[in-house]
Amino acid sequence: MSSLPPSDSLPFLSLGVCDYPEHVPQPLWAGYARDQKALGLEFVRLAEFAWSRMEPRPGEYDWAWLDEAVETSAAAGLKVVLCTPTAAPPAWLVEAHPEILPVGRDGQVKSFGSRRHYDFSSAVYREHSRRITRAVAERYGRHPAVVGWQTDNEFGWGDTAQSFSPAVHAAFHAWLERRYGTVDALNAAWGNVFWSMDYSGWAQVPLPHHAVSEINPAHALDFLRFSSGEVAAFQAEQVALLREHSPGRFVTHNYMGFFSAYDHYEVSRGLDFASWDSYPTGTLQAIHEWKLLAPHFALDYARTGHPDVTAFNHDLYRGMVTPGAGQATPSFWVMEQQCGQVNWASANPLPAPGAVALWTEQAWAHGADAVSYFRWRAATVGQEVLHSGLLRHSGRPDQGHREVAALRPQALPLAPTRARVALLHDYESLWLYNLQPHSEGLNYWAQTFTYYRALRALGVDVDILHPDRDLSGYAVVVAPALTLMTPERAAHLTASAGHSRLVFGPRTAFRTAAGGTPETGQFGDLAGLIGAELSRYDSLYAGMTQDVEGEGGARHSAHAWAESYDLAGAEALWHYRGGPLDGEAAVVRHGAVTTVGAHSESLVRGVLRGALREAGVETAELPEGVRLTRRGPHTLLQNWTGESVHWQGRTLAPYSSALLPQEVMA
Amino acid sequence: MSSLPPSDSLPFLSLGVCDYPEHVPQPLWAGYARDQKALGLEFVRLAEFAWSRMEPRPGEYDWAWLDEAVETSAAAGLKVVLCTPTAAPPAWLVEAHPEILPVGRDGQVKSFGSRRHYDFSSAVYREHSRRITRAVAERYGRHPAVVGWQTDNEFGWGDTAQSFSPAVHAAFHAWLERRYGTVDALNAAWGNVFWSMDYSGWAQVPLPHHAVSEINPAHALDFLRFSSGEVAAFQAEQVALLREHSPGRFVTHNYMGFFSAYDHYEVSRGLDFASWDSYPTGTLQAIHEWKLLAPHFALDYARTGHPDVTAFNHDLYRGMVTPGAGQATPSFWVMEQQCGQVNWASANPLPAPGAVALWTEQAWAHGADAVSYFRWRAATVGQEVLHSGLLRHSGRPDQGHREVAALRPQALPLAPTRARVALLHDYESLWLYNLQPHSEGLNYWAQTFTYYRALRALGVDVDILHPDRDLSGYAVVVAPALTLMTPERAAHLTASAGHSRLVFGPRTAFRTAAGGTPETGQFGDLAGLIGAELSRYDSLYAGMTQDVEGEGGARHSAHAWAESYDLAGAEALWHYRGGPLDGEAAVVRHGAVTTVGAHSESLVRGVLRGALREAGVETAELPEGVRLTRRGPHTLLQNWTGESVHWQGRTLAPYSSALLPQEVMA
Amino acid sequence: MSSLPPSDSLPFLSLGVCDYPEHVPQPLWAGYARDQKALGLEFVRLAEFAWSRMEPRPGEYDWAWLDEAVETSAAAGLKVVLCTPTAAPPAWLVEAHPEILPVGRDGQVKSFGSRRHYDFSSAVYREHSRRITRAVAERYGRHPAVVGWQTDNEFGWGDTAQSFSPAVHAAFHAWLERRYGTVDALNAAWGNVFWSMDYSGWAQVPLPHHAVSEINPAHALDFLRFSSGEVAAFQAEQVALLREHSPGRFVTHNYMGFFSAYDHYEVSRGLDFASWDSYPTGTLQAIHEWKLLAPHFALDYARTGHPDVTAFNHDLYRGMVTPGAGQATPSFWVMEQQCGQVNWASANPLPAPGAVALWTEQAWAHGADAVSYFRWRAATVGQEVLHSGLLRHSGRPDQGHREVAALRPQALPLAPTRARVALLHDYESLWLYNLQPHSEGLNYWAQTFTYYRALRALGVDVDILHPDRDLSGYAVVVAPALTLMTPERAAHLTASAGHSRLVFGPRTAFRTAAGGTPETGQFGDLAGLIGAELSRYDSLYAGMTQDVEGEGGARHSAHAWAESYDLAGAEALWHYRGGPLDGEAAVVRHGAVTTVGAHSESLVRGVLRGALREAGVETAELPEGVRLTRRGPHTLLQNWTGESVHWQGRTLAPYSSALLPQEVMA
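What follows is the structure, encoded as structure tokens:
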């Protein structure tokens, strides 16, 4: 990284590490704590998954080792982040209460032997979750070295956000009764007249699995809502106990990138901020499954991940918790940051030299307050033996250790981020979209990411927000895939159009909150704002394309999806050429609102470029793999490629960053 | 479509629509019925899946809405086709009798929540099926507007033709005992000496799933026969009740293309005619899984489907029911005709402009009496929200509506079809072939379709028939994959060779009715007719080929399968060149009988061309995507491609039809 | 085959056939036996899977048919190998004791209907296994024609080596208690501190399935050990009974190629020698799943299999049983030898003309005492109807019959094999490697085979041995993937380095016997011998490569895996160039020991060539598909390709062998 003088007047990025002292002999602990401090780390995350050591037998607590671990860290000058250990219920609890185990979609009880083997709807497990949370919070909640808490770990990992247990079934019935009051109301809302799916009693409603074929999307949607609520309630119980017994400490949860099975906004209510676990090289594999990027990216970015993939999640989690009164700016943590190779992708390449710096500085630029490396020393036992740490199995420093040592977090002050563009994201839209994708070539994340990536390639900073958040203050609001529309949401967006340029993507307002489609057709309640209604949508096989033509004969080629519009006030900016949609409108504009019906990366970038410029947001044309991000007075310029890049008179070495005054790069 | 004057003297193709008035508010019903009539539709299919509205609670019938729906249609001048609603048992019945649910091959009970969640072997469900059938038949069976009945819906959809429930297990044991009398007879028939599979009691016979590996094909074959019989018995009960309570109305069932899990001939006994549901763009995907067509076809025909795929099913279902005394000609209906995009393929492109006309006219030319579009208005609730209708979600006309409006069914008289070529098809042969395909590159349908397609490319009309049907009157009989041979069948075919040219494909007469192979080897009882016996069969990986050489050095390249013959009276027309079969006979002829051992599209076309010409059947050489079909005095010439085609001095516009006097195109 | 005069002074290769007289009418038996003898066969294997005919009802034996079968063979001058019939428990036993059925990893009981439907841990089945073994051994054990026994059939086939039944669960608990004594010892050994997996009672330990995600590899490893022990105990019971009741006869088991789910060395203890079932064309498919060979091999060798794949298993099973005192040389049988097409691959091409001779002579050259063709006549019933035999379904001779008739086994004397190179193989290393492959592009077999293939391409004969076997007498010892290291094994290898050149491959000594990784990092106890320790390992996606450079700028390109070393006494022979490992050591040498970290076929061949030459082992540079194998005074030179090959002044016809005096080809 090229350098700026340290900003002494501001707090700066805090570095930390996830450590499991219980995994190594006790005589090593003090030395490790001193080494951590010497490396420039300020905090250590402890006690994740440690229930079997906190409470080896029912009700018999053993705090001695953890007392010593906390004291050892404190003595070395480290702050401590503690975890509730509930992601790993001990074997004795499972033996006593096998009913706490979750049940998979296939009906199979998931057994003890890895982690997350609990059912959110188990009253028994909830009781034990509260009990152990209270115990650990009482013990350490006021310890001066303890600065905050992580609840549980990675909700949803291992496909555990939904369970299909008898407890879930009963709770789902109760939830439906609360939501709908009468079975007839449920029948009406779900459209159960279709295929004779009407119920005459709550008990008749099955869990949405094992059906002969696809179930009613309304049924699936409500089960997702219900299950999300169970996760939220589980977390809320822990948060309340931590607030009570550990005043003044932050509470967060470490989410994962692109997890979709619960509403992260709902689950995050009550947290101080959201955290997430960033594993760029492993996550790259996920986006290749979306068939979104050209295949060569799989290799080009195999050693760094793709910058926009990681950035998307930074921006997502930064916006997860609405700052409370008196909080100037949203923040987030990277609670686990890859600092060597992972062990869970189909291949696990070593990170490129410099990748740890790229990742750390990028996290900072997107607003992170802290980055915590996973993990201190590579495990010599257990499932993650092949995962790296800052230290190797042998205890000697690995490459990540050397890269962390070279960082200068003092140069990375915790100034606010100030995006002028909001990108709207909504888990209910995600669910409806992905329940019925209608196209092998596209899904909610892929479509949403396409818009995000175009914005980032234009050099623009982005806030990712829930659509019902306050949108005032944004020059441009982009809603790539806001499938679910309600009258309230339509009114909110209409109000936003009074002060912002709006851009909508395909399938906007295609579905109702109940899970159907509006009786008036797409765009339902939003039709007035968009000034058009759906004509037709086309779903294209890989290899099929649909031309789009604009003013002056400019052309783009859409793939995967193309929807066309009948005008009702809007003007058509782009038209389809050839194919079944020949001559129909592909992009329409109605005042401050532009709606894009064709899925084409280049078209999307063009439309966004126009909207940004119109709104007075300056844009850049960044080369592939080069990205600009601004935080406070600084602009971070990064080259994520393995080649030198020449841009705007600068030469960027491979895998390198430059921290510039913001005025240098607008 | 270019035009001929309407044939006033003949009844003509009847158009209709599948409608679900219960899905939309009642005030819309009368207008919709008038619109249907105005569009040129003659009938409407009602009440499919409507059990939960007919009988909301056990024994409590609500006919008011359906009375009104029927009356509304009748008042608009529409004929009504009604359905028994048994494809969708209501939730209260499942709650009271969960044992009616089917059990999958994996042992999992299939639960309520979509459709077809019933077990054909459940005595309880059979009773309720009869009860609701009687109720609806009594109510509407003599209504003057009601012209016919559809039983249930798409038997076998969702892999429901076979169940693995306790009820099935008991019924299978009883069936085996009836069939074999003694366990020793079963052991002998199945060859249970192999792998020590002998039984000493009926109860020992498992359902054919959960075995360590492949089960005895004889066991699998008999379970398919048993299961098929259960479907047939289920339908027969409904047919009997409909005959009793609705005299003079037709009874049919709407089958699906290429479904294989039961013997459609057996199940169709007692129907007036067969119907099928034609979704050309979705079905295209199935045949790509056969790896039969060059990959580019997936895109070339993505918007129309392949003409021969749809035509095959027209010809299949036209021949499904043997016309009774006094019926001049077989007939069939297209009970559901795609008229926009479907929602169930991996991508769902819009149909090409003109596709609705192509499909409708093709159905007519292949002998359909009626074509019923699916569905009137796109559903705004339920699983099929993304499926199209003649009206969009919003109620406005979609493209299909415009194309139907442009049709002139009066030009399409219901004259007889008169094929001179019979293609033999047999579900038991299909089962045996596909139970042990021995080759990744070929299956029963793919092999059978290869011969069909060659015939259609030669401009020939084809009757697809059960091999035991009367074959007199055909100039050429083609049996592409008649694997199962019995002495009776052999005698029947031998008799046919007295008046027809016969062409057999590979694996003919390779298996016995018991599921083994003849002790005398292939061709067993048919050896005398074929004049040869099997030498060897070769199963080729993709990428391997086997040359075949004929008179004068002509060459073809076989793939997937090559079997060779030792002559025993026949002469060899083609020989293998190179490879393990070098010099052996690939195609043999014995009098009127030609047998083809090599799988090669061009060789097959050549052999068939020769046989047709010899038999005096005129052939054409049609360009790809161009097809000729004759009905009564007319010849329909169609171009299914997106390009103009010049042929025989005519220019065919993309996706177009021309209706010519038959003498114009021989 | 070109020829040498018969060696009258030595016994020679014995040919036989697997026959199932019970599958054909009794009147055919005597003629078949005479035909077998006339074909040059010396023995026949009988009674495999014949339990239901030996004991049609509980306790009611029927020996008449088998008496006659044995006598008929004996009368024709054939020796008889008999089988215990336990691979196919009869239906009446399953009906009486359904608890003998195995349970799959998915929790599903595997039902009757194919074979291997028994649980090794079922006490009930063990009792019946002993009972029927005693019965058949008492009846035939001293019959003069009976020369030996095959126990059961193909342990592990159909994924049956591991069961997940209640009986297994109980036995596993007992096994753990015996192994570890206390739960705390188990917790420590398995590293159960990780993810809170500590147990406080044996009953808490689940079977290693149904967990939320990956289980502890230590847990999986011990379950593999336990399950392997159950197979071994099962076989040992049969062996003991056969020894008692059939003195002087050999006892063997017919294994399969590359089966991995139990420790074949452990299971083979007590056998006279190992046998295996060789199906070269089917097995080829397995190695393509390893993505090891260029895709064109799939077609090039579709009709013969790859020579090294079959040879690997010959060499593996030759070394399976350590010769007892007084046994000069290890031996093995090919108990089932493909002699026509198989029926179980995704395609099943006919063998090339000459393939039966290639296979038979190769087996001899690798040390086989006998080759037994599978099977006499193709079955006309049951699961294997599409499998070939020496006779066709019709009873007429097939191509394999003709090729066997042309063999001259008298020219193939049973001289000793004398390899100077040992290749070390260990099932525990295999398990640990494949439990956590960390790379999509490589697995234990693929890595091991890469070294084997390089040795064979260099014209070298190889003994495949357990690493703890006596290694004295070998010039070169190659350990391609010896992942699991113990102090004892390290000492043994260190001792070996006193007299042999050693070559290690990647991941050597990466794991401990407990299933973790050494606290001192790779190479743990072996570090002193190797003179280096691990720096880093890189796991590469397909398409990623890593250059390796040696003296004088020679280059190789590694793929899939690259590990680098820090020197601690060794010198670096090859270095990585470019990428994250740039400049680090890729191949290191420490005295007599060379360790290869980069996976590159050409590098491996180069390193092995150097080690062989240094050790005085002469090498050749064989063309693709040409192989040399020495036995006693002879050298067998084979061309497995379909093209003529010119090499060393000789012309080798396609698919041909030449038997030369050893001095001709060094």
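Protein chains in written order, with the working numbering: chain A, 5 to 670; chain B, 5 to 670; chain C, 5 to 670. Even glycine gets a Cβ: it sits at the ideal position worked out from N, Cα and C.
Item: Cβ of C:H650 within 9 Å of any chain B Cβ; Value: no
Item: Own chain residues within Cβ distance below 7 Å of A:A615, not counting five before or after; Value: V480, R505, V507 and T598
Item: Residues within the segment 46-62 of chain A neighbouring chain C, beta-carbon criterion of under 7 Å; Value: F53, A54, W55, S56, R57, P60 and R61
Item: Same chain, Cβ closer than 7 Å to B:D472, neighbours up to 5 away in sequence not counted; Value: R493 and H496
Item: Selection from C:S606, C:L428 and C:H594 that minimises the alpha carbon distance to C:A461; Value: C:S606
Item: Own chain residues within Cβ distance below 6 Å of A:F3, not counting five before or after; Value: Since the first residue of chain A shown is 5 and the last is 670, residue 3 of chain A is not available in this structure.
Item: Range covered by the alpha helix (DSSP H) that runs through A:Y3; Value: Given a span of 5 to 670 for chain A in the structure shown, any question on residue 3 of chain A remains unanswerable.
Item: Paired residues, beta bridge with C:L641 - DSSP; Value: C:L632 and C:A662
Item: Counterpart residues of A:Y569 in DSSP-defined beta bridges; Value: A:L538 and A:A589
Item: B:L97 versus B:G108, B:I136 and B:S543, residue with shortest Cα-Cα distance; Value: B:I136
Item: Sub-9 Å separation of A:G328 and A:A382 beta-carbons; Value: no
Item: Minimum Cβ-Cβ distance from B:W199 to chain C less than 9 Å; Value: yes
Item: Cβ-based burial, C:P441 [other Cβ within 10 Å; buried from 16]; Value: buried
Item: Beta-carbon proximity of C:T645 to C:Q366, cut-off 9 Å; Value: no
Item: B:E270: first and last residue of the uninterrupted alpha helix (DSSP H) it sits in; Value: H268 to S272
Item: Reduced DSSP category for A:R654 - H, G, I as helix; E, B as strand; rest coil; Value: strand
Item: Exposed unless 16 or more other CB atoms sit within 10 angstroms - verdict on A:G117; Value: buried
Item: Where B:N220 meets chain C, residues with beta-carbon distance less than 9 Å; Value: G117, S118, V385, G386 and Q387
Item: Every unbroken alpha helix (DSSP H) within the segment 475-526 of chain A, with a cutoff of 4 residues, ordered by chain; Value: 491-500
Item: Interface positions of the segment 328-358 of chain A facing chain C (Cβ-Cβ less than 9 Å), listed along the chain; Value: G344, Q345, N347, W348, A349, S350, A351, N352, P353, L354, P355, A356 and P357
Item: Same chain, Cβ closer than 8 Å to B:H470, five either side skipped, listed in chain order; Value: Y269, G323, L428, H429 and D430
Item: Where A:V375 falls: helix, strand or coil (DSSP); Value: strand
Item: Within chain C, the residues that A:R396 reaches when beta carbons sit closer than 7 Å; Value: G525
Item: 7 Å Cβ cut-off: residues of chain B touching C:G302; Value: Sequence check: residue 302 of chain C is Ala here, not Gly. Chain B residues near C:A302: Y545.
Item: Chain A within 9 Å of C:A518, Cβ atoms only; Value: yes
Item: Assigned secondary structure, C:S433 (DSSP; H/G/I helix, E/B strand, else coil); Value: helix
Item: Where the alpha helix (DSSP H) containing B:H405 begins and where it ends; Value: Q403 to A409
Item: For B:D529, three-class secondary structure by DSSP; Value: helix
Item: C-beta neighbour in chain B for C:C22, strict 9 Å; Value: no
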